[in-house]
Amino acid sequence: MRGVGGPLLCISDLLNDVAEETSGVPHDHAPPSDAADVSKLPPSDIPKLFQENFNELKGALEGGDHSWTALTLKLCSALETANKLVDSSNSSVASLSEKVDELERIVNRRDSAITAAKEIQGSLKLYDQL
Numbered sequence: 080m081r082g083v084g085g086p087l088l089c090i091s092d093l094l095n096d097v098a099e100e101t102s103g104v105p106h107d108h109a110p111p112s113d114a115a116d117v118s119k120l121p122p123s124d125i126p127k128l129f130q131e132n133f134n135e136l137k138g139a140l141e142g143g144d145h146s147w148t149a150l151t152l153k154l155c156s157a158l159e160t161a162n163k164l165v166d167s168s169n170s171s172v173a174s175l176s177e178k179v180d181e182l183e184r185i186v187n188r189r190d191s192a193i194t195a196a197k198e199i200q201g202s203l204k205l206y207d208q209l
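When we follow the working numbering, the leftmost residue of the sequence shown carries the number 80, and every step to the right adds one.
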């Protein structure tokens, strides 16, 4: 599916145009096979992968070939995975924050119960002394 025209093109439109220019046959680009493996990486490897893909893309753009199209897709795939990771982290943080709030309420109730118990114990000691 092609994006809507205008001054800003979708990356897929740009890649389709380059493919049409080089092969003469219109077709859609699929992400490179190793781009799908990005989601299986541990989160700590994503910055390294991004830097590697960025350096490859920069090298391809400085050269004269069209390998930059596939490298752009790899870079975009790494960015999309990072975005999903951030969204997941935000969701986890929100859930964790709710649990911390609940724990604070429990601790406050415990502190109130301890204070009440100490007051009762103190009043019982006074009653025993009378």
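Backbone N, C-alpha and C define an ideal beta-carbon position, used for all residues, glycine too. On a predicted model such as this, the values are computed, not experimentally measured, just so you know.
State buried or exposed for residue i, treating a residue as buried only when at least 16 other CB atoms are found within 10 Å of its CB.
| i | result |
| --- | --- |
| Lys153 | buried |
| Leu203 | exposed |
Determine the direct distance from the alpha carbon of residue j to that of residue i, and round the result to whole angstroms.
| i | j | result |
| --- | --- | --- |
| Ser123 | Lys178 | 26 Å |
| Asn134 | Ile125 | 14 Å |
| Asn132 | Lys119 | 16 Å |
| Ser174 | Val186 | 19 Å |
| Lys127 | Ser171 | 23 Å |
| Leu205 | Ser168 | 55 Å |
| Lys197 | Phe129 | 59 Å |
| Ile199 | Ser176 | 35 Å |
| Lys137 | Asp144 | 12 Å |
| Gly201 | Asp166 | 52 Å |
| Leu182 | Glu141 | 56 Å |
| Arg188 | Asp180 | 12 Å |
Please work out which residues of its chain come closer than 8 Å, Cβ to Cβ, to residue i, disregarding the five sequence neighbours upstream and downstream, and give them in chain order.
| i | result |
| --- | --- |
| Ala115 | Confidence is the limiting factor: at Ala115 the pLDDT is only 47, short of 50, which leaves the residue's position unreliable and the question unanswerable from this model. |
| Leu164 | Pro122, Ile125 |
| Leu209 | none |
| Arg184 | none |
Excluding the 5 residues preceding and the 5 following residue i in the sequence, name in chain order all residues of the same chain whose CB lies nearer than 7 Å to its CB.
| i | result |
| --- | --- |
| Ala139 | Ser146, Trp147, Leu150 |
Exercise. Only counting runs of 4 or more residues, tell me where the alpha helix (DSSP H) segments fall wholly within the stretch 118-188, in order along the chain.
Key: For the stretch 118-188, the continuous alpha helix (DSSP H) assignments of 4+ residues that do not extend past its boundaries occur at 125-141, in sequence order.
Quiz prompt | Inter-stretch contact (C-beta, 8 Å, three-pair minimum) for the stretch 158-167 and the stretch 181-197 | solution = no
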